[in-house]
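Novice: Numbering (our numbering), first residue to last: 202 to 307.
Each residue gets a CB set at the ideal place from its N, CA and C atoms; glycine is no exception.
1) Could you compute how far the alpha carbon of residue 269 sits from the alpha carbon of residue 246?
2) For residue 295, which three-state DSSP category applies?
3) In its own chain, which residues sit with a C-beta less than 7 angstroms from the C-beta of residue 278, not counting the 5 before and 5 after it?
4) What do you reckon, are the CB atoms on residue 241 and residue 212 nearer than 9 angstroms?
5) Measure how close the beta-carbons of residue 299 and residue 244 come, nearest whole angstrom, since I'm counting them as under 8 angstroms.
6) Does the count of Cβ pairs from the segment 247-267 and the segment 280-297 closer than 8 angstroms reach three?
7) Do you know offhand how far residue 228's Cα is from residue 307's?
8) Suppose only complete runs of 4+ residues qualify. What are the alpha helix (DSSP H) ranges in the segment 245-278, listed by chain order?
9) Under three-state DSSP, which class holds residue 227?
10) Check this for me: beta carbons of residue 285 and residue 222, under 9 angstroms apart or not?
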C-alpha cells in the first residue's frame, strides 16, 4: 500500500510541476529553491483567499480565530471540510486557475 500524500506534499509536488512546466528546470538549485518557496507562498495565499470567499461571515470569523490561534494544519483542514461540502472541487478549480495564471494560459 502506498502512503497517502499529505496536503503539504501535494502542494509541494504541484509547485514543483509548475516550475517544470514553466521551463525552470535549468536554473541553479538556489534559484529554484527560492522560486519554489515563493510559488508555494503565493499558492497558499490563493487557497486561503479561496476559502474565505466561500465561507459565510460567521464561518470566516471562526476560521480566522483558528488561524490566528495557531491551529494545526489538520484542524484547519477539518474545519474547511466540515464547512465547505465541495472543498475538493473549490481547491481543484483554484489550483487550475493558479496554474493557468502562472503559465500565462487562458
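Specialist: Walking through what the data contain:
1) Here the question's residue 269 lines up with position 68 in the chain shown. Here the question's residue 246 lines up with position 45 in the chain shown. About 15 angstroms.
2) Position 94 of the chain shown, counting from 1, holds the residue named residue 295. When DSSP states are grouped into helix, strand and coil, residue 295 belongs to the helix group.
3) Your numbering for residue 278 matches position 77 in the chain shown. For residue 278, same chain residues with a beta-carbon under 7 angstroms away, outside a window of 5 residues either side, are 208 in chain order.
4) To locate residue 241, count along the chain shown from 1; it is residue 40. To locate residue 212, count along the chain shown from 1; it is residue 11. In this structure, residue 241 lies near residue 212, with their beta-carbon atoms less than 9 angstroms apart.
5) Sequence index remark: in the chain shown, residue 299 carries index 98 (1-based). Sequence index remark: in the chain shown, residue 244 carries index 43 (1-based). Going by Cβ atoms, the distance from residue 299 to residue 244 rounds to 6 angstroms, so yes, they are a contact pair.
6) Contact between the segment 247-267 and the segment 280-297 is established, with three or more Cβ pairs separated by less than 8 angstroms.
7) Here the question's residue 228 lines up with position 27 in the chain shown. Here the question's residue 307 lines up with position 106 in the chain shown. Residue 228 and residue 307: Cα-Cα distance of roughly 26 angstroms.
8) The qualifying runs are 258-269.
9) The count along the chain shown starts at 1 and reaches residue 227 at position 26. It is coil, neither helix nor strand.
10) Taking the first residue of the chain shown as position 1, residue 285 is located at position 84. Taking the first residue of the chain shown as position 1, residue 222 is located at position 21. Cβ atoms of residue 285 and residue 222: not closer than 9 angstroms.
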